Amino acid sequence: MSKTTTSAASADRDTAGAPDELGELGAAGAQLSTAPLDDTAGPTPGPGMPALGVIGWIRWFWRQLTSMRVALLLLLLLSLGAIPGSLIPQQGTDELKVQDFKDTHTTLGPIYEKLGLFHVYSSVWFSAIYILLFVSLIGCIVPRTWQFVGQLRGRPPAAPKRLTRLPAYTTWRTEATPDEVHEAAQRLLKQRRFRSHQVGGSVAAEKGYLREAGNLAFHIALIVLLLAFAAGQLFKSEGGKLIMEGDGFSNTLTQYDDFKSGSLFDTDELAPFSFKLDRFEGSYEMSGPERGTARTYKAHVTYSEGAHGPEKKKAIEVNKPLEVDGSKVYLIGHGYAPTVTVRDGKGKVVQRVSVPLLPIDSMGTATGAIKILDGYRNKDGKKEQLGFNAFFVPTFAGEGNGQMFSQFPAPFNPRLALSAYHGSLGVDSGVPQNVYQLDTRKMTKFKDAKGELLKKRLKIGETMKLPNGAGSITFEKELKQWATFQISQEPGSSWALGGAIAAIAGLAGSLFIQRRRVWVRATAGADGVTVVEMAGLGRSESAKVPEELGALAAQLHGQAPSAPDADPDPEPDADPAADADADAESAEAKTDPEADTPSDPDPTPDVVPAEGAEK
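Residues in the sequence shown are numbered consecutively from 38, following our numbering.
Written out as structure tokens, the structure reads:
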């Protein structure tokens, strides 16, 4: 009768196994993992033994640094260290916010300054973590890579002496010769993409090398990410520019409203290009819960590469930047620039200007300042400067309908509210000013008939007259739009994206691919019938090993089927004396309740536990 045995042992019996099994598995179990041996602890010097010494301590420190647990710890510290850089204002990003934080938090400010929390990514402690993580990853990868290459160049080891010790095992008897079984097994395993060869009277096969390849790819991808991050921080540049319709921009340092770059960036490396904002196109949802949400949001520009490149048209949209010579131009904002005409007391036009105002809500409500620096003279003929606080709404709700806030982002019913001052704007003091705010410390209010600050809400075409013949300001019909752009050079962005994709792919491979080995041994029995044994060993506990071995055994069994059982009926010309002995044994079996039952003619194999398995 043929017998089939299958068992699934625990993970503790994977490659290490119990101590008494190590000798049985030998190289088959010990060489399954390509990970370096963990000898970080090392032997503890006994009494009277010499200390480690300088070289010993250096080796110990290197083994600790290049261990996987230290690499994971450093990666965690790097993630935690980046949190203050996101929550606390950084000096390289916004100097004004840093100064405001210091002025507001007189106790925390000096502490943060000493800890380097205002410049996290260039601080000593963050750089130390970054460099140690980099070295640790390289120290992990190099030995694993060499060991993995050695495994790829080698072949699976011969089968252990006792295959029944392995987690998955099956056996049956067949009339096929051992060579026929081995050839069929090797052909089958190669069809299933196993690396196989015949060694030591058995077929050894292995599969799942991509598990360790994925592990190495994940670690290499982390190094690529670190290098890309470093390159991005050191060589990046980023600036912003507000451009009104009809105006242009040239990619030079003086053209930016604000600009910041990495410590190794050279302003001569700015890509030579220019563009002009032809018009801004915006449409919005008219009704429903998403009323006012942008449906069309485009900046139509004309750009050219180099100093004398041909002009090209492009529509810049959100997340669809203009890419020119390694630089990307992003559309990040939009607003309105009301056009006003200022006249002096004699009716002479002092200035006609379109002033961009900054939106304060999603419906286009905007504030700003209108500053008249030159050309104005008061009624006495003396030179003065004018300043107006401006408040603009593209769609006014109407008189008596609450505060002056826009009801819709499109200019359906625009209003411009102004309050007037005269005097000195303080632009010659040497102190930098915000162009969207009015400094009234050296200015005098224009007063109305009640003696209060002169204010007026203007429709398109209306004029606010200044008192005592000081002039006027008119809200013109021309209402321009503006757009803000961010121009960035990020040399490491493509490498960072590739590293992130490779890290995800490598991690998925290391988690879901199972490395396993299969052995097939066929030996001729004393009765001339071949005994076939199959066993499998997995890298880690997985139900796939017994299932896969069962599927392989079923296919191999089809090519080398079980040998039929011997016929229990005697031959016609049998010896009469033997027949008499058989009749006696049969009669005895009928009266003996503990006698064995006759053999079951059903050819289905019996399933019994493997040696050492739980019963």
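Just so it is clear, CB atoms sit at the ideal spot from N, CA and C, and this is done for glycine as well.
None of these values were measured; they are calculated from a predicted model.
- Cβ contact annotation for residue 305 (same chain, cutoff 8 Å, sequence separation greater than five): none.
- Boundaries of the beta strand (DSSP E) harbouring residue 426: 422-430, taken from the DSSP string.
- By the Cβ criterion, the stretch 311-319 is not in contact with the stretch 423-443, since fewer than three pairs of Cβ atoms, one from each stretch, lie closer than 8 Å.
- Inside the stretch 306-355, DSSP marks whole beta strand (DSSP E) runs of 3 or more residues at positions 310-321, 331-342, 349-354, from first to last along the chain.
- Annotation: residue 144 to residue 162 spans about 22 Å, alpha carbon to alpha carbon.
- A distance below 8 Å separates the beta carbons of residue 241 and residue 194.
- By the criterion of a C-beta distance shorter than 6 Å, residue 352 is surrounded in its chain by 335, 337, once the five residues flanking it on both sides are discounted.
- Contact check for residue 405 against residue 394 passes: the beta carbons are separated by less than 8 Å.
- By the criterion of a C-beta distance shorter than 7 Å, residue 173 is surrounded in its chain by 102, 103, 107, 108, 111, once the five residues flanking it on both sides are discounted.
- Here residue 574 is buried: its Cβ has 16 or more other Cβ atoms, across all protein chains shown, within 10 Å.
- The beta carbons of residue 259 and residue 592 sit no closer together than 8 Å.
- In the structure shown, residue 377 falls within a strand segment according to DSSP collapsed to helix, strand and coil.
- Residue 211 places its beta carbon 8 Å or farther from that of residue 590.
- Along the stretch 110-193, the alpha helix (DSSP H) occurs as fully enclosed runs of 4 or more residues at 132-141, 145-152, 161-190, listed in sequence order.
- In the DSSP secondary-structure assignment, residue 454 is bridged to 428, 494.
- Contact check for residue 559 against residue 219 passes: the beta carbons are separated by less than 8 Å.
- Excluding five sequence positions before and after residue 232, the CB atoms of its chain that fall closer than 6 Å to its own CB belong to 243, given in chain order.
- Look at residue 462 here: in three-state DSSP terms it is coil, with no helix or strand label.
- Secondary structure at residue 410: coil, using DSSP grouped into helix, strand and coil.
- Within the same chain, and ignoring the five residues on either side of residue 546 in sequence, the residues whose Cβ sits closer than 6 Å to its Cβ are 247, 251.
- Bridge pairing for residue 558: 239, 570 [DSSP].
- Under the three-state reduction of DSSP, residue 388 is assigned to strand.
- Note that the C-beta distance between residue 514 and residue 538 is not below 8 Å.
- Cα atoms of residue 556 and residue 229: separation of roughly 14 Å, rounded to the nearest angstrom.
- Listed in chain order, the non-local C-beta contacts of residue 274 below 6 Å within the same chain comprise 298, 302, 526, local neighbours out to five positions each way being set aside.
- Taken atom to atom, the span from the alpha-carbon of residue 409 to that of residue 151 is near 44 Å.
- For residue 523 against residue 340, the beta-carbon gap comes to about 15 Å, at or over 8 Å, which does not count as contact.
- In the three-state reduction of the DSSP assignment, residue 91 falls in the helix class.
- Contact check for residue 403 against residue 361 fails: the beta carbons are separated by 8 Å or more.
- Per the C-alpha coordinates, the member of 553, 564, 392 positioned closest to residue 249 is 553.
- For residue 197, DSSP assigns no beta-bridge partner whatsoever.
- In this structure residue 319 is not in contact with residue 330, their Cβ atoms being roughly 11 Å apart against a cut-off of 8 Å.
- Between residue 459 and residue 421, the C-beta spacing is below 8 Å.
- When only Cα atoms are considered, residue 280 and residue 296 end up about 15 Å apart.
- If you ignore the 5 residues before and after residue 105, its C-beta comes within less than 7 Å of the C-beta of 177, all in its own chain and listed in chain order.
- Per DSSP, reduced to three states, the secondary structure at residue 499 is coil, with no helix or strand assignment.
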